[in-house]
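*Asks:* Dumping the structure here so I can ask a few things about it.
In UniProt numbering, the protein residues as written are 1 to 225.
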């Protein structure tokens with residue numbers, strides 16, 4: 001197992017922004033970065049150009065506004081997940097006009113460069129499912145609601161205290177699990193907010209020590225562009 005512990009060296013604070021950056025390492029090279037972010041009220045990330053990357057945005061608390069260069073605005077929350085396939089180029093800005101937001105934003109390298117830029121939104125009226133994994137995103141050939149241009153899958157779960165989950169697995173894929181909040185145990189290891197783990201033995205279960213919000217990336221290590 002490879003464990004990434006939350007520590008002060010990962011933390012960047014500037015004005016209304018607090019960002020904890022995780023890097024999964026060369027073994028999971030398509031997963032470029034995973035940022036756990038807290039954006040205070042009135043925080044704003046100015047209009048930027050994104051190209052040749054898949055940007056996955058997941059809020060578990062609060063709300064955020066996403067606005068593209070055409071003026072189209074989308075509100076994101078725990079019930080609305082976004083995936084931007086940047087391709088040849090997409091410009092957008094993000095802001096927090098109503099409530100402080102806690103979110104995960106991950107960048108995945110696409111299998112091929114270029115292609116039409118596209119923004120996808122998954123709406124879930126019931127929010128996150130308790131004690132079971134929900135598939136949020138997957139390759140274009142899969143049945144996942146959000147389409148990634150890469151051999152990768154993304155799942156979420158709310159693991160309640162005393163309950164267990166199996167680690168998602170597929171032949172040739174490696175799971176990278178990050179704890180958004182709460183506390184879990186895997187084998188002898190205890191992980192809490194901001195920690196992440198990969199290379200978990202499929203025989204081990206995830207146990208909820210406290211109610212925990214989890215995201216799992218299932219990545220094929222040799223699928224980098």
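Backbone N, C-alpha and C define an ideal beta-carbon position, used for all residues, glycine too.
Just to confirm the assignment, what range does the beta strand (DSSP E) spanning residue 56 have?
*Replies:* Note, residue 56: beta strand (DSSP E), 54–61.
*Asks:* Does the distance from the C-beta atom of residue 68 to that of residue 134 stay below 8 Å?
*Replies:* no
*Asks:* Rounded to whole angstroms, what is the Cα-Cα separation between residue 17 and residue 61?
*Replies:* 15 Å
*Asks:* With burial defined as no fewer than 16 other Cβ atoms inside 10 Å of the residue's Cβ, what is the status of residue 213: buried or exposed?
*Replies:* buried
*Asks:* Using the DSSP secondary-structure output, state which residues sit across from residue 215 in a beta bridge.
*Replies:* 156, 178
*Asks:* List the endpoints of the continuous beta strand (DSSP E) containing residue 67.
*Replies:* 64–68
*Asks:* To the nearest angstrom, report how far apart residue 157 and residue 215 are at their CA atoms.
*Replies:* In a straight line, the C-alpha of residue 157 is about 7 Å away from that of residue 215.
*Asks:* Does the beta-carbon of residue 217 have 16 or more other beta-carbons within 10 angstroms, so that it is buried, or is it exposed?
*Replies:* That one is buried.
*Asks:* Sort 97, 9, 1 by Cα distance to residue 255 and report the nearest one.
*Replies:* There is simply no residue 255 to check, as the chain begins at 1 and stops at 225 in what is shown.
*Asks:* Hey, would you say residue 51 sits closer than 8 Å to residue 95, going by beta carbons?
*Replies:* Not closer than 8 Å, so no.
*Asks:* What's the C-alpha gap between residue 139 and residue 220?
*Replies:* Straight-line Cα distance between these residues: approximately 11 Å.
*Asks:* Please state if the CB of residue 122 and the CB of residue 57 are separated by a distance shorter than 8 Å.
*Replies:* no
*Asks:* I'd like to check one pair, residue 34 with residue 178: are the Cβ atoms closer than 8 Å?
*Replies:* yes
*Asks:* Compare the C-alpha of residue 100 against each of 63, 205, 111, 73 and name the closest.
*Replies:* 63
*Asks:* From the DSSP secondary-structure annotation, give me the bridge partner or partners of residue 71.
*Replies:* BP columns for residue 71 are empty, so no partner.
*Asks:* Does DSSP put residue 28 in a helix, in a strand, or in coil?
*Replies:* helix
*Asks:* Between the beta-carbon of residue 105 and the beta-carbon of residue 49, is there less than 8 Å?
*Replies:* no
*Asks:* So who's on the other strand from residue 242, going by DSSP bridges?
*Replies:* Look at the range of the chain in this structure, 1 to 225, and you will see that residue 242 is not part of it.
*Asks:* Cα separation between residue 147 and residue 88?
*Replies:* 17 Å
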